[in-house]
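Chemist: Oh and the sequence shown: position 119 is 107 in this note's numbering, straight run, nothing missing. Ideal placement from N, C-alpha and C gives every residue a C-beta, glycine not left out. What you are looking at is a predicted structure, and each value in this text was computed from that prediction instead of being measured. First, the structure itself, so that you have it in front of you.
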Amino acid sequence: MRLLLWFIGLSALVLVTWLVWGGSLEARFTLQGAVAWIEGAGPWAWAAGIGLMAADLVLPVPGTVVMSALGLIYGAMIGGLVAAAGLMVAGLCGYGIGRLIGEKAARKLLGDNDFERGRALFSRGGGWMIALSRALPILPEALSCTAGLVRMPFGRFLASLACGSVPVGFVFAWIGAVGREAPGWTMLFSIMVPAILWLAARKMTVHR
-11 MRLLLWFIGL SALVLVTWLV WGGSLEARFT LQGAVAWIEG AGPWAWAAGI
39 GLMAADLVLP VPGTVVMSAL GLIYGAMIGG LVAAAGLMVA GLCGYGIGRL
89 IGEKAARKLL GDNDFERGRA LFSRGGGWMI ALSRALPILP EALSCTAGLV
139 RMPFGRFLAS LACGSVPVGF VFAWIGAVGR EAPGWTMLFS IMVPAILWLA
189 ARKMTVHR
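In structure tokens:
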């Protein structure tokens, strides 16, 4: 029960930041606005893009717009690599924040039973949740922090994070590079491809 309350509370906190600051940031970070902000960093524009996406942990930065802006600036390939790196950094920061809460404190926060349930849940099915959530709002931040809190194995977290981040980063960078609005298949693609990659990664791990 405490684990569920933790997750709901974390998601609500992310949602509140969207409700309070989301409108102003979305108005500022239109595609052209994001391009101008990122290019303002000069030769470090790629780092500015990654930093913006990492900031999505605490600020309602429109990540899909930032990824499209990176595609517009750098093209689909380089922009996709930078966008995927930004998603990876954001996920790793969330996981790290969860891990910063020591295991003893995490057990006090959740209770021993919920801590062990959470660890078992994320050890078994956490990879699917992490991989499939990267293109969705709110969930990635809450899931990454919770994965760190309950000590999801880092290797499994990293693999699932990569399976979700790489295709999502490339598809939105491609959208920016070709100057299109996000087509209807974008969300389906951003969920199906990570699912296929994570399934393949799991099979490779099992057969080793």
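Which same chain residues, not among the five before or five after residue 40, have their C-beta less than 6 angstroms away from its C-beta?
Modeler: 49, 54
Chemist: Using 8 angstroms as the cut-off, can you tell me whether the region 57 to 66 makes contact with the region 159 to 169, which would need three or more C-beta pairs spanning the two stretches below that distance?
Modeler: yes
Chemist: Count Cβ pairs between the region 76 to 88 and the region 113 to 129 that sit closer than 8 angstroms; are there 3 or more?
Modeler: yes
Chemist: Output the distance between the C-alpha atoms of residue 44 and residue 51, rounded to the nearest integer angstrom.
Modeler: 7 angstroms
Chemist: Give the DSSP-derived three-state secondary structure of residue 154 in the structure shown.
Modeler: helix
Chemist: How would you label residue 46, buried or exposed, when you count the other beta carbons within 10 angstroms and need 16 or more for buried?
Modeler: By the neighbour-count rule (16 or more Cβ atoms within 10 Å), residue 46 is not buried but exposed.
Chemist: Is it a yes or a no for the region 138 to 152 touching the region 108 to 117, going by three-plus beta-carbon pairs under 8 angstroms?
Modeler: Inter-segment contact for the region 138 to 152 and the region 108 to 117 is present: three or more beta-carbon pairs are separated by less than 8 angstroms.
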